[in-house]
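Engineer: Before anything else, here's the structure in question.
Number of protein chains: 2
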Amino acid sequence: MQLTTTHPLATLVARLSRDMPISDEAQRAIMALPVSVQALEPNTDLIHPGDRSASCCFVLSGWMGRFKLLQKGERQFLAFHIAGDIPDLQSLHLPTADLGIGAFTQVTVALIPHGALHDLMVHYPDVTAALWREVLVTASITNEWMIGLGRRSGPRRLAHLFCELYVRQKAAGLVKEEGRCPLPITQTVMADALGLTPVHVNRILRDLRAEKMIQHRQRTLTILDWGRLKVFAEFDAHYLHVEPQLM
Amino acid sequence: MQLTTTHPLATLVARLSRDMPISDEAQRAIMALPVSVQALEPNTDLIHPGDRSASCCFVLSGWMGRFKLLQKGERQFLAFHIAGDIPDLQSLHLPTADLGIGAFTQVTVALIPHGALHDLMVHYPDVTAALWREVLVTASITNEWMIGLGRRSGPRRLAHLFCELYVRQKAAGLVKEEGRCPLPITQTVMADALGLTPVHVNRILRDLRAEKMIQHRQRTLTILDWGRLKVFAEFDAHYLHVEPQLM
DNA sequence: CGGATACTTGAGGGTTGTCAAAATATGTGG
DNA sequence: CCACATATTTTGACAACCCTCAAGTATCCG
Chain D
1316 MQLTTTHPLA TLVARLSRDM PISDEAQRAI MALPVSVQAL EPNTDLIHPG
1366 DRSASCCFVL SGWMGRFKLL QKGERQFLAF HIAGDIPDLQ SLHLPTADLG
1416 IGAFTQVTVA LIPHGALHDL MVHYPDVTAA LWREVLVTAS ITNEWMIGLG
1466 RRSGPRRLAH LFCELYVRQK AAGLVKEEGR CPLPITQTVM ADALGLTPVH
1516 VNRILRDLRA EKMIQHRQRT LTILDWGRLK VFAEFDAHYL HVEPQLM
Chain E
1316 MQLTTTHPLA TLVARLSRDM PISDEAQRAI MALPVSVQAL EPNTDLIHPG
1366 DRSASCCFVL SGWMGRFKLL QKGERQFLAF HIAGDIPDLQ SLHLPTADLG
1416 IGAFTQVTVA LIPHGALHDL MVHYPDVTAA LWREVLVTAS ITNEWMIGLG
1466 RRSGPRRLAH LFCELYVRQK AAGLVKEEGR CPLPITQTVM ADALGLTPVH
1516 VNRILRDLRA EKMIQHRQRT LTILDWGRLK VFAEFDAHYL HVEPQLM
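Top to bottom, those sequences are chains D and E. According to my numbering, the first sequence is numbered sequentially starting from 1316. According to my numbering, the second sequence is numbered sequentially starting from 1316.
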């Protein structure tokens, strides 16, 4: 992934100016941020629920998930995060995390101390606006998941998730071959994101395959019929706030 | 409600300094904000999905809900809002709303222009922090709803909602009699918040009544056995970020 | 009083969950 | 590179939860 070969903060600059221009001066200030790069092994947690954190994490590569655990051990994912995301920006103002953040794959993150981010935001209003936007787009995605949990059937929910993950990865430059993208999560993880059981996810997956809409092998998702999948899922990409041509 | 008799912005000051101190100077600046008070009839919408808004709304009295509509007409509520809440603070940085906001009861809101709020936040960092916090606590509540939709059974979900609404109203000073609070929403609205059908909500309500945990008559909720309700719902009020003695 | 809205109840069906086991894939150490 | 242990996927049978449809009752409001 080329992300890891360039300076980590250059990719942050790129991400924040994706939707809105940022002044040269602010860009230099971002590049000057103190940052420590950290690697995570698959299936390890970066943040445990209840932790107090003193830094925000910017995902350089790999897949992560934000989740909460219930008493009986059930798990619910609230979001998946890919390269370019900042999963815990809210820790800046709400330092005790109520959600955990874990890695599905090998992951590299850049940790940026709260203090440094705070200073940056005081001096550069356009960076503040970009970071706000980031938080709010993440919230918008969470909202859409919630619509799905409340009002979409299992099959539609899974189809919708696939649409989302494909478009987001395309927007992040992670789609190398049209119609294919990484999907390095197990059916159990999908189930914990969709509020279903692994068994049921498996059956839905079989049906979507039989309908020739998608395929999922070797941790990559192949979309066989984007048009039909989109209609079936009632997918409308506006909530992702990406460039219109990706929708 | 005494909220409507005092200056509307005084109640905003009170709300924002509920969790964090705000300097006297900042308090005066808040009181000097330009604001227009607006009344809403029951079952009318303040914001329609897709609207671009130029002001934020602060709820002075009444009950509101944030929702999204799907193609087939299904509705999903993502949050309920009571006096003291600021439902659409995020419109400051994401001006096109993807969610609608409607009134369940008679409602009065104070509308504050985006520009004025922006200026305020540039000059008073502690106000900025308080408003951020407000957004993030709202997001935290939405997250908990999501957990419920994904991983709690219907009865638990409804019980959990009742716990939440009671504690939030208590924190807002809206509980006049211990164990009783307003609940001015129909079973259909509950269903659209919980991802259930009105018929099923009705049956769950009957069961909770039969179990002598709650009662719901004349738009008020009576909690008959707080301890048992809390355990049944697996309710842990931390996510509400209110004072510990209310939990 | 009449109409509309909200609530209540019943019967039956479909989606999803539970339990259990087999088949396949993945990883590890010899 | 094979052998073994582990995790993941797949399938079946059955049960539970929740939905749909339908009708009747209560409540609110003009």
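Ideal placement from N, C-alpha and C gives every residue a C-beta, glycine not left out.
List the whole-angstrom C-beta distance separating Leu1446/E from Met1436/E, where the pair is believed to meet the contact cut-off of C-beta under 8 Å.
Structural biologist: The pair is a contact, with the Cβ atoms about 7 Å apart (cut-off 8 Å).
Engineer: Note down, in chain order, every chain E residue with its Cβ under 9 Å from the Cβ of Ser1468/D.
Structural biologist: Per Cβ cutoff of 9 Å: no residues; Ser1468/D is ~11 Å from chain E at best.
Engineer: Apart from the five residues just before and just after Thr1359/E, which ones in its own chain have a Cβ nearer than 6 Å to its Cβ?
Structural biologist: So the list reads Ala1418, once near-sequence residues are dropped.
Engineer: Considering only C-alpha positions, which residue in the set Thr1512/D, Arg1471/D, Arg1483/D and Arg1333/D is nearest to Ile1529/D?
Structural biologist: If we check each option's Cα against that of Ile1529/D, Arg1471/D comes out closest.
Engineer: I need the boundaries of the alpha helix (DSSP H) containing Ala1354/D, first residue and last residue.
Structural biologist: From DSSP, Ala1354/D is part of no alpha helix (DSSP H) but of the beta strand (DSSP E) over Ser1351 to Leu1355.
Engineer: Can you grab the Cα-Cα spacing for the pair Ser1406/D / Val1452/E, in whole Å?
Structural biologist: So the alpha carbons of these two residues sit roughly 11 Å apart.
Engineer: Does any residue of chain D have a CB that is nearer than 8 Å to the CB of Glu1558/E?
Structural biologist: With 8 Å as the cut-off, Glu1558/E does not count as an interface residue toward chain D.
Engineer: Who are the near neighbours of Thr1411/E in its chain, counting only those whose CB is closer than 8 Å to its CB and skipping five residues on each side?
Structural biologist: Cβ neighbours of Thr1411/E beyond the five flanking positions: Gly1365, Asp1366 and Arg1367.
Engineer: Once you ignore the five residues that flank Leu1318/E on each side, which residues in its own chain have a CB closer than 7 Å to its CB?
Structural biologist: With a pLDDT of only 43 at Leu1318/E, under the threshold of 50, the placement of this residue in the model should not be trusted, and no figure is reported.
Engineer: What are the complete alpha helix (DSSP H) segments, minimum 4 residues, inside the region 1424-1469 of chain D?
Structural biologist: Listed in chain order, the complete alpha helix (DSSP H) runs (minimum 4 residues) inside the region 1424-1469 of chain D are 1429-1438 and 1440-1466.
Engineer: DSSP state of Thr1381/E, grouped into three classes?
Structural biologist: Checking the sequence shown, residue 1381/E turns out to be Arg, not Thr. In this structure, Arg1381/E counts as strand in the three-state DSSP scheme.
Engineer: Which of the three DSSP states, helix, strand or coil, is assigned to Glu1389/D?
Structural biologist: If DSSP states are grouped into helix, strand and coil, Glu1389/D belongs with coil.
Engineer: Cβ closer than 9 Å: which chain E residues qualify as neighbours of His1515/D?
Structural biologist: Ordered by position in chain E, no residue passes the 9 Å Cβ test against His1515/D, which lies about 13 Å from the chain.
Engineer: List, in chain order, every chain D residue whose beta-carbon is nearer than 8 Å to that of Asn1458/E.
Structural biologist: The answer, in chain order, is Lys1383, Leu1393, Asp1413, Leu1414 and Thr1457.
Engineer: Taking the alpha-carbon of Ser1370/D as reference, which of His1429/D, Pro1349/D, Leu1331/D and Leu1384/D has the nearest alpha-carbon?
Structural biologist: Checking every option, the nearest Cα to that of Ser1370/D belongs to His1429/D.
Engineer: My guess is that Val1482/D and Met1562/D are in contact by the Cβ rule of under 8 Å, so how many angstroms apart are they, rounded?
Structural biologist: About 7 Å separates the two Cβ atoms, so the contact holds.
Engineer: Listed in chain order, which residues of the region 1494-1515 of chain E have Cβ atoms closer than 7 Å to some Cβ of chain D?
Structural biologist: Cβ contacts with chain D: Gly1510.
Engineer: Gln1317/D by DSSP, collapsed to three states: which one?
Structural biologist: In this prediction, Gln1317/D scores a pLDDT of 42, lower than 50, which makes its location untrustworthy; no coordinate-derived value is stated.
Engineer: Name the two residues that bound the continuous alpha helix (DSSP H) containing His1515/E.
Structural biologist: His1515/E -> alpha helix (DSSP H) spans Pro1513 to Ala1525.
Engineer: So, for Leu1506/E: in the same chain, excluding its five sequence neighbours on each side, which residues have a beta-carbon less than 6 Å away from its beta-carbon?
Structural biologist: Before going further, note that residue 1506/E is Ala rather than Leu in the sequence given. For Ala1506/E, where only same-chain residues beyond five positions count, the Cβ hits under 6 Å are Thr1512, Pro1513 and Val1516.
Engineer: Residues of chain D with CB under 8 Å from Leu1409/E, in chain order?
Structural biologist: Ordered by position in chain D, the residues that pass the 8 Å Cβ test against Leu1409/E are Arg1448, Leu1451, Val1452, Ser1455 and His1556.
Engineer: Quick one, which of His1475/E, Asp1522/E and Arg1521/E has its alpha-carbon nearest Ala1552/E's?
Structural biologist: Selected option, being the one with the closest Cα: His1475/E.
Engineer: Quick one: which chain E residues come within Cβ less than 8 Å of His1553/D?
Structural biologist: The contacting residues are Asp1413.
Engineer: So with Cβ pairs under 8 Å, would you call Leu1464/D a contact of chain E?
Structural biologist: Taking Cβ atoms only, chain E reaches closer than 8 Å to Leu1464/D, which makes this a yes.
Engineer: Please report the distance separating the alpha-carbon of His1556/D from that of Glu1479/D.
Structural biologist: If you take the alpha carbons of His1556/D and Glu1479/D, they lie about 11 Å apart.
Engineer: Please report the residue range of the alpha helix (DSSP H) in which Gly1488/E lies.
Structural biologist: Element bounds for Gly1488/E: n/a, residue is neither H nor E.
Engineer: Identify the residues that DSSP records as bridge partners of Ala1394/D: which are they?
Structural biologist: Answer by DSSP bridge pairing, in chain order: Arg1381/D.
Engineer: Put Met1533/D into one of helix, strand or coil per three-state DSSP.
Structural biologist: What sits at residue 1533/D in the sequence shown is Gln, not Met. If DSSP states are grouped into helix, strand and coil, Gln1533/D belongs with coil.
Engineer: Counting C-beta neighbours from all protein chains within 10 Å, is the total for Gln1386/D 16 or more, i.e. buried, or is it exposed?
Structural biologist: Its Cβ having fewer than 16 others within 10 Å, Gln1386/D is exposed.
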